[in-house]
Amino acid sequence: MSSGAFHKIQKPLLLSIFVLGCFVTAFLMYYKPSTSWFNDLVKFSDSANPNHVFDTKKNYTNFTIVLVWLLPFGSTQKMDICSSVFNIEGCFITADRRFYNQSDGVVFHHRDIHGDLSNMPKLQRPPLQRWIWMNMESPSNSRKLPKINNLFNLTLSYRQDSDIPVPSGLLKETETLEDFVPPSKNKLVCWIVSNWNPNYKRVKYYQELQKHINIDAYGSAFGKYISNKDYNPTISSCKFYLSFENSAHKDYITEKLYNPLSLGTVPVALGTSRQNYENFVPGDAFIHVDDFKSPKELAEYLLLLDKNQELYLSYFKWRKHFVVKKPHFWVEHTCKACKYIRQHKEYRAINNLNEWYWG
Ligand SMILES: *[C@@H]1O[C@H](CO)[C@@H](O)[C@H](O)[C@H]1NC(C)=O
Ligand SMILES: *[C@@H]1O[C@H](CO)[C@@H](O)[C@H](O)[C@H]1NC(C)=O
Ligand SMILES: *[C@@H]1O[C@H](CO)[C@@H](O)[C@H](O)[C@H]1NC(C)=O
Ligand SMILES: *[C@@H]1O[C@H](CO)[C@@H](O)[C@H](O)[C@H]1NC(C)=O
């Protein structure tokens, strides 16, 4: 049979399967049976991505199943991309709790765990199942939950001493590139802040700094809301961006640094020490507030760089050899957790998570 004839037969068949599928979906969404597993199925299935639930034609014999028990911040994601996007093979990521008994790993996002653990699994834990604690927020911004000790097997966080460390970005080596030409700039210093807390060091620093240099500040605290669409263009239109973290903790370096780095804007870091930043990015890729005795001296230096283009451009030297990679929250994290449990079969238990994280 020629391929043309094949198409003649297949097309109407596929069309009728599709139409039938639409009717079935519409029917099922209208008549919601009361069984909870069914609600999960409807909630997590996605017509564009049936693997959200499972692919009945696939052989999962040698697959590692990782169940996302609590959808981070309630956000659904395409979950069948470990292999296609991150080159991590043999992983089946699901949010369908019917897979609990079969799951090799179960991921729990700290922010979504109830303090009394009432939304944690009630079923007996299979003997080899790993529970993975995931948290990308700093200890200052995470609720301490006394009951989370002696529960988890692996930690996944921005911290380098986690079992599965996932920083908010990294500089990946690339073939030598042309000299970087920053995007055109019409602002000097910018800051976008969503969480304005007058007690934060960053707010006090900003208040002092803006006495000495003009800062374009955005966010509800300034009555200047920035939409998602305007976020990147705004950052790239500034010579400098205040990459001010909400708190200072070892390795706690977020997209506040990696966004301007990737957009061609020089970050001014406030958070952990310069030395710690230099574990992740070259020392001449950013300015650190601790390099100056006072906000006034920092302002003077930024004004000097504004007049000296050669000196300003020296902050982009790293771009000859590196590109910024930001992880895909949260599926990449779960794919990495899966990869870890495929490679590590040893026993492990986290008995004092509270001490490790908040101690
Ligand atoms: C699934 O794959 C495994 C090997 O990974 C094989 O032993 C098994 O027979 C396969 N099952 C089916 C139904 O094809
Ligand atoms: C199963 O996966 C492991 C990696 O976890 C691999 O080493 C092994 O070859 C696979 N076995 C089969 C039958 O595909
Ligand atoms: C899961 O395993 C437990 C025993 O550990 C059993 O009581 C329960 O019925 C199982 N659930 C499913 C959906 O298979
Ligand atoms: C996982 O941690 C729990 C709680 O500490 C422990 O009971 C369990 O044996 C550990 N399992 C594995 C496979 O490491």
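For what it's worth, the UniProt record's numbering labels the leading residue of the sequence shown as 1, then goes sequentially.
Cβ coordinates follow ideal geometry from the N, Cα and C atoms, glycine included.
The structure displayed is predicted, hence computed values, not measured ones.
Taking the beta carbon of Val193 as the centre, do at least 16 other beta carbons fall within 10 Å, making it buried, or is it exposed? Sixteen is the threshold: when 16 or more other Cβ atoms of the shown chains lie within 10 Å of the Cβ of Val193, as they do, the residue is buried.
Give the DSSP-derived three-state secondary structure of Tyr60 in the structure shown. Correct three-state label for Tyr60: coil.
Alpha carbon of Arg125 to alpha carbon of Asp104, nearest angstrom: 10 angstroms
Once you ignore the five residues that flank Asp251 on each side, which residues in its own chain have a CB closer than 6 angstroms to its CB? If the five residues before and after Asp251 are omitted, its C-beta is found closer than 6 angstroms to the C-beta atoms of Tyr158, Arg159 and Gln160, all from its own chain and listed in chain order.
Compute every distance between the C-beta of Arg130 and the non-hydrogen atoms of ligand 4, then say whether any falls below 7 angstroms. Under cutoff, so the answer is yes.
Would you mind reading off the limits of the alpha helix (DSSP H) that contains Leu311? Gln309 to Leu313
According to the Cβ coordinates, are Asp216 and Val189 closer than 8 angstroms? A Cβ-Cβ contact shorter than 8 angstroms links Asp216 with Val189.
Closer than 7 angstroms: Leu117 CB and nearest ligand 4 heavy atom: Checking every heavy atom of ligand 4 against the Cβ of Leu117, none is found closer than 7 angstroms.
What is the C-beta distance between Val268 and Val281, in whole angstroms, given that I count them as a contact (C-beta under 8 angstroms)? With a Cβ gap of about 13 angstroms, Val268 and Val281 do not count as contacting.
Any chance the segment 173 to 182 sits against the segment 199 to 210, with 3 or more Cβ pairs inside 8 angstroms? no
Helix, strand or coil for Gly219 per DSSP? Secondary structure at Gly219: strand, using DSSP grouped into helix, strand and coil.
Mapping DSSP to helix, strand and coil, what is Pro139? helix
Ala248 in three-state terms, based on DSSP: coil
Within this structure, are the beta carbons of Ser314 and Asp284 separated by less than 8 angstroms? yes
Take Tyr60 as the anchor and find which of Phe286, Leu311 and Cys91 has the nearest alpha-carbon. Cys91
Residues bridged to Cys238 [DSSP beta-bridge criterion]: Lys187
Grouping DSSP H, G and I as helix and E and B as strand, with all else coil, what is Glu332? helix
CB of Lys239 within 8 angstroms of CB of Tyr301, strictly: no
Tell me whether Thr124 counts as near ligand 3, meaning its Cβ is closer than 7 angstroms to at least one heavy atom of that ligand. Position check: residue 124 holds Gln in this sequence, whereas Thr was assumed. Within the cutoff, so yes.
Could you spell out where the beta strand (DSSP E) holding Ser157 opens and where it closes? Leu154 to Ser157
Just checking Tyr347 against ligand 4 - is the residue's beta carbon closer than 7 angstroms to any of the ligand's heavy atoms? Yes, Cβ of Tyr347 sits closer than 7 angstroms to a heavy atom of ligand 4.
Beta-carbon spacing of Asn354, Asn150 below 8 angstroms: Inclusion of Asn354 and Asn150 in the CB contact set at 8 angstroms is not warranted, their separation being larger than that value.
Taking only heavy atoms of ligand 4 into account, decide whether any of them is closer than 7 angstroms to the Cβ of Asn279. no
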